[in-house]
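Numbering (the numbering used here), first residue to last: 14 to 139.
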């Protein structure tokens, strides 16, 4: 019985590692592509350090970021990559909930759901 449990734990760890690596690689690739697109289209932007200008309104919503990324705008791609980078650890916690459910480890299911709730509140709460 302990051999099966060890094998299951190892398999879950492998999947979790793959999830994290894949998320980071995809996010970094999208950010890198967005950086290249941005630099090609804006080779020497004029910078005004006297006044601060935050992100345009379209980059403050997921739908705006997706629209710009689909339109292949550099800043939209960079923002999408950063969103995916933020989503990677959230996906890991979500996967952990299902892994602990599979193992019927109710204490860790509870703890992981609390962590997931705190993550979601910090990302979406106001």
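Virtual Cβ for every residue (Gly too), placed ideally from N, Cα, C.
Residue 86 versus residue 113 - alpha carbon distance: The straight-line gap from Cα to Cα measures roughly 40 Å.
CB-CB length for residue 91 against residue 44, believed under 8 Å: That pair is a contact at about 5 Å.
Residue 74 - DSSP class collapsed to helix/strand/coil: coil
For residue 72 and residue 137, the rounded distance between their alpha carbons: In this structure, the CA atom of residue 137 is about 15 Å from the CA atom of residue 72.
DSSP-derived helix/strand/coil call for residue 64: coil
Inter-residue CB distance, residue 110 and residue 132 (contact presumed, cutoff 8 Å): The pair is not a contact, with the Cβ atoms about 11 Å apart (cut-off 8 Å).
Residue 79 versus residue 130 - alpha carbon distance: Roughly 25 Å between the two C-alpha positions.
Buried/exposed call for residue 52, threshold 16 Cβ in 10 Å: By the neighbour-count criterion, in which 16 or more other beta carbons inside 10 Å mark a residue as buried, residue 52 falls on the exposed side.
Cβ neighbours of residue 42 in the same chain (closer than 6 Å, five flanking residues each side left out): none
Backbone CA spacing between residue 121 and residue 115 [nearest angstrom]: A straight line joining the alpha-carbon of residue 121 with that of residue 115 spans about 11 Å.
Presumed contact (8 Å Cβ cut-off) between residue 93 and residue 36, rounded CB distance: Not really, about 13 Å apart at Cβ, beyond 8 Å.
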